[in-house]
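Residues 0 to 305 (numbering that gives the first Met the number 0) are what the sequence shown spells out, left to right.
First comes the structure, then the notes that go with it.
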Amino acid sequence: MSPLLHISPEVAAALQSGMPVVALESTIISHGMPYPQNFATAQALEQAVRDHGAVPATIAVMDGRLKVGLSTAETDRLARGGQAVAKLSRRDLPFVLTQGADGATTVAATMIIAAMAGIRFFATGGIGGVHRDAPTTLDISADLQELARTDVAVVCAGAKAILDLGLTLEYLETHGVPVIGYQTDEFPAFYSRHSGLPVDYRYDTPEPLARALKAKWDMGLHGGVVIANPIPEAYDMPADIIETAIRQALADASAQGIKGKKITPFLLARIEQLTGGDSLAANIQLAVNNAALAAQVAEAYAGLRG
Ligand code: PSU
Ligand code: MN
C-alpha cells in the first residue's frame with residue numbers, strides 16, 4: 000500500500016479483513032451542494048453504505064494527505080469550505096499534496112485514490128461527461144478518461160442532464176467503459192429516470208453483476224464501469240421542467256463567461272435556484288440510493304472472493 004495514503008482505522012480494518020468498502024467523493028460535498036445540506040448528505044451517504052452492510056470511505060485531500068475515511072470534523076471542514084476548497088481532478092493531486100493544502104476530489108480523483116487503497120466500488124450522484132458545447136469548447140470531463148483506465152466501478156444516476164448524454168455514451172464506448180443499467184434498459188438522466196438512450200447491459204440484482212465485474216478484472220481488462228441507477232420514482236423530476244431550468248442555467252453561465260471546472264458547480268447551484276430547491280432534494284435522494292446499491296454490489300463482490 001502506498002505510504003502516501005492515510006486510511007482511517009475503520010476502513011483499514013475492513014480492507015484487511017476483506018469486508019466490502021464503498022468509496023465516496025468529496026467534490027459533491029464542497030462544490031455540489033450548499034451548506035448545511037452538503038454536510039447532512041455526506042453523513043446520509045455514509046449511513047446508507049453502513050445500512051447495507053459495507054464500510055464507507057469518504058475520500059479527500061486534507062492538509063496535503065490523501066485521506067481515505069474522514070472524521071466528522073473533516074467532513075464539516077469540507078462542507079463549510081464550499082467553493083473555497085480546491086476541486087481536484089487527476090492533474091491536481093500531486094500539487095495539492097505537496098503544498099499541504101485541502102482539496103475535494105472529483106469522480107476522477109476519487110477513483111485514483113480508491114484504487115490506490117484497493118477499493119473497487121464507489122458511489123456518487125452523477126459522473127462528469129461531454130458538455131453540450133464540447134464540439135466548440137472541447138469540455139469533456141476528466142472523469143471519462145479515468146473510467147477508461149482505473150479499476151473502479153462507479154454507481155451513479157447517469158450523467159447530469161446538463162451534459163450531452165448521447166456523446167457521453169459514445170465517448171465511453173470508444174474507451175471500452177461498460178455502462179450497466181441497474182433495473183433499467185435506459186441510461187438515466189440524473190434528475191429524471193429517462194433519457195431514451197440504451198445502456199449496454201442490464202442487471203436486476205447485485206450478484207450476477209458482481210460476477211461480470213470480477214470476470215472483467217480477472218481478464219486484465221483494466222478500467223472502470225458505470226453502474227447507472229435511476230433516481231427513485233418518488234423524486235423523478237419531469238423532464239420538461241428540468242430541461243427548462245438547464246437551458247436557462249446554461250444561458251446564464253455563458254452570459255457570465257463561466258468556464259472550465261467552475262461550470263458544473265455553477266450549473267448545479269443555478270438549477271437549484273430555478274427549481275425552488277427541487278433539484279437539490281432530487282440530488283440528495285439519488286445519491287443516497289446510489290450509496291445503498293454500491294454497498295450491495297460491493298458485498299456481492301466480496302462474497303465471490305471470500
Ligand atoms: N455529481 C453530483 N454533484 C457533483 C458532481 C457529481 O451530484 O458536484 C461533481 C463530481 O465530483 C464530478 C464533477 O466528478 O462534478 C465533474 O466536474 P467536471 O465536469 O468539471 O469534470
Ligand atoms: Mn470540464
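Just so you know, even glycine gets a beta-carbon here, dropped at the ideal spot from N, CA and C.
Beta-carbon contacts of residue i that lie in its chain and below 7 Å, excluding the five residues immediately before and after
i, result
"serine 88", "Thr105, Ala107, Ala108, Ala141"
"isoleucine 112", "Ile58, Leu65, Val67, Thr104"
"aspartate 203", "Gln182"
"lysine 213", "Tyr300, Leu303"
"arginine 210", "Leu303"
Start-to-end residues for the alpha helix (DSSP H) that takes in residue i
i, result
"tyrosine 170", "164-173"
"alanine 211", "205-217"
"methionine 115", "106-116"
"phenylalanine 120", "It is not in any alpha helix (DSSP H) - phenylalanine 120 instead sits in the beta strand (DSSP E) that spans 120-122."
"arginine 269", "262-273"
"valine 54", "Careful: valine 54 lies outside any alpha helix (DSSP H), inside the beta strand (DSSP E) at 54-61."
"isoleucine 230", "Unbroken run through isoleucine 230: none, as it is neither H nor E."
"arginine 192", "Here arginine 192 belongs to no alpha helix (DSSP H), and DSSP marks it neither H nor E."
"glycine 256", "No alpha helix (DSSP H) contains glycine 256, which DSSP labels as neither H nor E."
"proline 134", "133-136"
"valine 48", "36-50"
"isoleucine 27", "26-29"
"proline 2", "Neither: proline 2 is in no alpha helix (DSSP H) and is coded neither H nor E."
"valine 95", "92-98"
"aspartate 184", "That residue, aspartate 184, is in no alpha helix (DSSP H); it is neither H nor E in DSSP."
"leucine 220", "Where leucine 220 is concerned, there is no enclosing alpha helix (DSSP H), given that its DSSP letter is neither H nor E."
"threonine 160", "Just to set this straight, residue 160 is alanine in the shown sequence, not threonine. Alanine 160 -> no alpha helix (DSSP H), and no H or E assigned at all."
"aspartate 75", "71-80"
Any non-hydrogen atom of the ligand SAM within 7 Å of residue i CB
i, result
"serine 16", "Among the ligands in the structure shown, the ligand SAM does not appear; only the ligand PSU and the ligand MN can be found there."
Limits of the unbroken beta strand (DSSP E) element including residue i
i, result
"glycine 180", "178-181"
"arginine 201", "200-202"
"alanine 85", "85-87"
"threonine 149", "Counting along the chain, threonine 149 falls outside any beta strand (DSSP E), and DSSP gives it neither H nor E."
"valine 10", "Per DSSP, valine 10 belongs to no beta strand (DSSP E); it is in the alpha helix (DSSP H), 8-15."
"valine 21", "20-23"
"valine 67", "64-67"
Other residues of its chain near residue i: CB distance less than 6 Å, five sequence neighbours each side excluded
i, result
"alanine 47", "Val287, Ala290, Ala291"
"glycine 128", "Ser140, Ala158, Leu162, Thr167"
"tyrosine 200", "Ile179"
"alanine 238", "Ser191"
"histidine 174", "Ala147"
"asparagine 282", "Gly124"
Beta-carbon proximity list for residue i, same chain, < 8 Å, skipping 5 on both sides
i, result
"proline 19", "Ala13, Gly52, Ala53, Val54, Phe120, Ala294, Ala297, Glu298, Tyr300, Ala301"
"alanine 114", "Thr149, Asp150, Val151"
"glutamate 9", "Val54, Gly68"
"glutamine 82", "Ser29, His30, Pro264"
"glycine 63", "Val95, Leu96, Thr97, Gln98, Gly99, Ala100"
"alanine 72", "none"
"isoleucine 262", "His130, Asp138, Ala252"
Residue i versus the options, residue with shortest Cα-Cα distance
i, options, result
"glutamate 206", "Gly124, Leu164, Leu303", "Leu303"
"valine 67", "His5, Leu92, Asp50", "His5"
"glycine 195", "Asp203, Tyr202, Thr183, Thr204", "Thr183"
"alanine 227", "Gly259, Arg269, Leu266, Pro177", "Pro177"
"valine 60", "Thr135, Arg76, Val151", "Arg76"
"glycine 31", "Leu212, His193, Leu266", "Leu266"
"alanine 252", "Gln15, His130, Gly175", "His130"
"arginine 229", "Gly125, Val21, Leu3", "The residue you asked about is not arginine; residue 229 is proline in the sequence shown. Nearest of Gly125, Val21, Leu3 to proline 229, Cα basis: Gly125."
"alanine 85", "Glu145, Lys258, Thr26", "Thr26"
"phenylalanine 38", "Arg210, Gly275, Ser70", "Ser70"
"proline 35", "Asp50, Gly63, Pro237, Arg79", "Arg79"
"aspartate 132", "Val224, Gly259, Glu271", "Gly259"
"aspartate 138", "Ile257, Ser7, Pro2, Ile283", "Ile257"
"cysteine 155", "Pro2, Val21, Pro134, Met218", "Val21"
"alanine 188", "Glu172, Ala250, Gly165, Tyr170", "Gly165"
"valine 225", "Gly219, Pro231, Leu208", "Leu208"
"leucine 3", "Gly276, Gln15, Ala116", "Ala116"
Supposed close pair residue i, residue j - CB separation, criterion 8 Å
i, j, result
"threonine 74", "isoleucine 118", "Not confirmed; about 18 Å, so no contact."
"alanine 244", "leucine 285", "Actually they do not touch by this definition, with Cβ atoms about 16 Å apart."
"threonine 123", "glutamate 24", "5 Å"
"tyrosine 234", "alanine 280", "7 Å"
Residue i at chain D interface by Cβ criterion, 8 Å
i, result
"alanine 233", "The displayed structure is made up of one protein chain only, and chain D is not part of it."
### Query
If we count Cβ pairs, one from each stretch, closer than 8 Å, do we get three or more for the segment 90-103 versus the segment 35-49?
no
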